[in-house]
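Heads up, the sequence shown is in the working numbering, so the first residue is 28 and it goes up one at a time.
All residues carry an ideal CB built from backbone N, CA and C; glycine is no exception.
As structure tokens, the structure follows; a few thoughts come after it.
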Amino acid sequence: MAAQRSLGSNRPHDTVQADLARALRLSSMRLARRLRVERGSDDFTLSQLAVLGSLDRHGEATVGELANLERVKPPSMTRIVNSLVEAGMVTRRPHATDGRQVVVELTDGARAVLAEDRRRRNAWLAQRLAELTDDERALLAEAAPLLDRLAAS
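What follows is the structure in structure tokens.
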């Protein structure tokens with residue numbers, strides 16, 4: 028079976044897809060790395076910040092729900108939650124109907140940490156976006172939901 032060709036190209040469709048995949052992977056990794064530098068503080072790991080962010084977006088959750096959201100195994104999530112409890116960033120309480128589970132929720136301190144982390148990184152990114160043309164910013168605005176879909180799949 029012949030490889031499908033993309034419009035306007037003599038290259039096989041699979042090659043174009045592979046090249047795009049590579050370019051997107053590298054670009055997203057570079058941007059993520061650069062945004063990590065803007066965090067400023069190394070008080071929390073990226074995994075811990077991801078869990079705090081999930082709780083902020085989705086509200087309280089069980090350890091199992093958090094593990095599913097962050098795509099890690101429950102024992103790994105338990106370790107992350109334990110470290111966040113020790114740091115005063117989350118609290119645990121018994122589940123209302125399932126005595127085997129606990130519900131995890133953010134503290135006000137965690138909300139302040141997240142707000143500062145987001146403020147710092149958003150400020151850096153906003154400055155970089157201001158350096159782009161209107162057309163480039165419009166293109167990124169169109170691409171953002173597509174990148175979200177890729178990340179969610």
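**OP:** Decide if the segment 143-157 is in contact with the segment 63-75; the criterion is three or more beta carbon pairs, one per stretch, under 8 angstroms apart.
**Re:** yes
Original post:
Where are the beta strand (DSSP E) runs, 3 residues long or more, that stay fully inside the segment 112-160, in chain order?
Top reply: 117-121 and 129-133
Subject >> Stretch-stretch touch, CB-based, cutoff 8 angstroms, three pairs: the segment 113-129 with the segment 81-101 >> reply: yes
Original post:
Which residue comes first and which comes last in the alpha helix (DSSP H) that contains Thr42?
Top reply: Here the question's residue 42 lines up with position 15 in the sequence shown. Start and end: His40 to Val64.
**OP:** May I have the straight-line CA-CA distance separating Ala123 from Leu79, to the nearest angstrom?
**Re:** Start at 1 with the first residue of the sequence shown, and residue 123 comes out as number 96. Start at 1 with the first residue of the sequence shown, and residue 79 comes out as number 52. Cα to Cα, the separation comes out at about 22 angstroms.
Subject >> Val43 versus Arg49: straight-line alpha-carbon distance, rounded >> reply: Your numbering for residue 43 matches position 16 in the sequence shown. Your numbering for residue 49 matches position 22 in the sequence shown. Cα to Cα, the separation comes out at about 10 angstroms.
**OP:** Starting from Glu87, follow the alpha helix (DSSP H) in both directions and report where the run begins and ends.
**Re:** In the sequence shown, the residue the question calls residue 87 occupies position 60. Element bounds for Glu87: n/a, residue is neither H nor E.
Original post:
Cβ atoms of Met104 and Val140: under 9 angstroms apart, would you say?
Top reply: Reading the sequence shown from its first residue, position 113 is the one you call residue 140. Reading the sequence shown from its first residue, position 77 is the one you call residue 104. Contact: no.
**OP:** Would you mind working out which of Leu51, Pro101 and Asp83 sits nearest Ala170, comparing C-alpha positions?
**Re:** Residue mapping note: residue 170 aligns to position 143 of the sequence shown, counting from 1. For the residues Leu51, Pro101 and Asp83, the minimum Cα distance to Ala170 belongs to Leu51.
Original post:
Tell me which same chain residues have a C-beta within less than 8 angstroms of the C-beta of Pro263, skipping the five on either side of it?
Top reply: Lying before the first or after the last residue shown, residue 263 is absent from the chain, which here runs from 28 to 180.
Original post:
What's the C-alpha gap between Glu113 and Ala45?
Top reply: Indexing the sequence shown from 1 puts residue 113 at position 86. Indexing the sequence shown from 1 puts residue 45 at position 18. One C-alpha to the other measures close to 44 angstroms.
Original post:
In whole angstroms, what separates the C-alpha of Leu133 from that of Arg106?
Top reply: Your numbering for residue 133 matches position 106 in the sequence shown. Your numbering for residue 106 matches position 79 in the sequence shown. So the two alpha carbons sit approximately 16 angstroms from each other.
Subject >> Per-residue burial, Gln75 [other beta carbons within 10 Å of its own, 16 or more giving buried] >> reply: As a working mapping, residue 75 is identified with position 48 in the sequence shown. Its Cβ being crowded by 16 or more others within 10 Å, Gln75 is buried.
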